[in-house]
Structures are given as structure tokens and as C-alpha cells.
Amino acid sequence: IYNSGLWRFLPFVLIYSIGFATVFPVIPTVITNGFASAAAGYPIDCQEFSPETAPKECRDAHAQAVTWGSWTSFVSGSILSFFLSPIIGYLSDQWGRKPFMLAGIVLTFLPMTVILANLWGWLTIYWYFPASAANGVISSITLVLTSVADLMRPSHRAVSVAFITAMFSIGLIVGPLLGGYLQALQSVYVCLGLTAVTWFYVLLLVPEPAPTAKSKQAAAAAAAQQGRQ
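Residue numbering for the sequence shown follows our numbering, beginning at 1 and increasing consecutively.
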């Protein structure tokens, strides 16, 4: 893992998963309040009410959140992934995994930016769902797992995948624990900050794993060197 450079992916997976998992405890509340506020025409915090005293807007917001979330998961996980995953896989073979990892991290900013704008009162919560669907178009974690096949011999791939999934699982544990002690805005700021850190980490420290892309880069570097001579 060290000699291949795969170890460089482990901090990325850990920080990235902690970042987006930090908002897990607050997203349901933000979405529910967003639907309730949009229906009422003024800000509502549904957490202030008990189930017996909650206004109709809060009761309806729960059903709306489930409906919109289900459709978003269907569009992102079934339709967009079905059509775009083979294309992204082919292009990443040709152009490299790294550009698409960076693009996937950028897409992670979309739903969190919408949540931030909603908390500031700039956008309605409805924009969160197309942004979340777009976020699922490119999965940086999937590209990391693909990189295992690029960098590791078959006999070492199972162990390598285990390390990556372990980092991801630790992040999914640490992120919500951290987010549980933060307010909604603070959680979003932490998520955006850690996501930005991972983008620069991949840009500066993660090597390109795809063999085809590395061959093209080597050929381009050799041609440039010959040109200088």
C-alpha cells in the first residue's frame, strides 16, 4: 500500500467522509423546517413544537421530505447512475481518475451550498433535491475503489479495499458525533471546510492511478523534454 501510493487515498477518504457525515444530524431538521416555512410563508422551527401542538405545515413537511428524498434517490441512484456511470468510467480510463475525483468533490459542494443559502434565507429548500441528485453523478469514493485495481496486484486488492472502507466507516461514525454537538450552520461550515481541504489534498498530494492517463502524461512530459532540447 505504501509503495504503490495507495496510502495517500486513506486520509482523503477519512476527511471526506467525516465532512459530509457531519451534517447528517441536522439535514432532516433543516429540510423539514424548509418545507414548513415554504408552506407557511414565514420561518418555522418545527422542533419548538410537540407532535400534539405542531402546526399543519410541520406535519405535512415530514411527508414532503420523505417524498422528495425518495424521488431524488431514485433519479440519482437509478437513472443518472445507470446512464452516466459507464461514461464516467470510460472517460476516467482515458483522462485519469484524478480529474473526476476533483469533479466529484466539487459536486459535493452543491447540496451543502443550497442548505447554507436556505439557512440564510436566500433559497427555498426545494433546490436541495436537484443539487443532491447532481451530487450523485460522480462518486469520488467509487473512483478511489477503482484506483485499487489500478495500483494494486490482485493478491493485495482485498486488503486495500478493507483499509479504504475502514476509513470511510470511521468517518461515518466520527462525522455525526461531531455534528451532534454543532448547530445547523456550524455543521454546514465544517462540512464545506473539510470538503475544501479534501479537494486541495487530492489536487496536490494524490497521484494519478489510471495506467492510460499516466502513460499519456509520461509521453507528454517526454515530448516537452525533447522540445526543450
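All residues carry an ideal CB built from backbone N, CA and C; glycine is no exception. Source: prediction; values computed, not measured.
Would I173 be called buried (16 or more neighbouring beta carbons within 10 Å of its own) or exposed? exposed
Member of V148, L192, A38 whose CA lies at the smallest distance from the CA of R97: V148
Taking only three categories from DSSP, how would you classify R157? helix
Between the CA atoms of S169 and V66 - distance to the nearest angstrom: 25 Å
State the CB to CB distance for the pair I138 and I79, rounded to an integer number of angstroms; the pair is presumed to be in contact (CB under 8 Å). Actually they are not in contact, since the Cβ atoms of I138 and I79 sit about 15 Å apart, beyond 8 Å.
In its own chain, which residues sit with a C-beta less than 7 Å from the C-beta of F35, not counting the 5 before and 5 after it? A61, Q64, A65, I125
Might you give, ordered along the chain, the residues of its own chain that have their beta carbon closer than 7 Å to the beta carbon of N33, omitting 5 neighbours on each side? I44, D45, C46
Suppose contacts are defined by Cβ-Cβ distances below 8 Å. Is A184 in contact with V30 by that definition? yes
In the DSSP assignment, the alpha helix (DSSP H) including G41 goes from what residue to what residue? Looking at the DSSP string, G41 is not in any alpha helix (DSSP H), and its letter there is neither H nor E.
So, under 8 Å CB-CB, L182 and V190 are touching, yes? Tell me the CB distance rounded to an integer number of Å. 7 Å
Tell me the rounded alpha-carbon separation between A220 and S4. Here A220 scores only 48 on pLDDT, less than 50, and its place in the model should not be relied on; the value that follows carries that caveat. So the two alpha carbons sit approximately 22 Å from each other.
With T67 as the anchor, note down where its alpha helix (DSSP H) starts and where it stops. 56-74
Among V161, A196, G175, L194, nearest to W7 - alpha-carbon criterion: V161
Neighbour-count burial assignment, K77, 16 or more Cβ in a 10 Å radius: Strictly speaking, residue 77 in this sequence is Gly, with Lys absent from that position. Label assigned to G77: exposed.
Limits of the unbroken alpha helix (DSSP H) element including F109: 97-119
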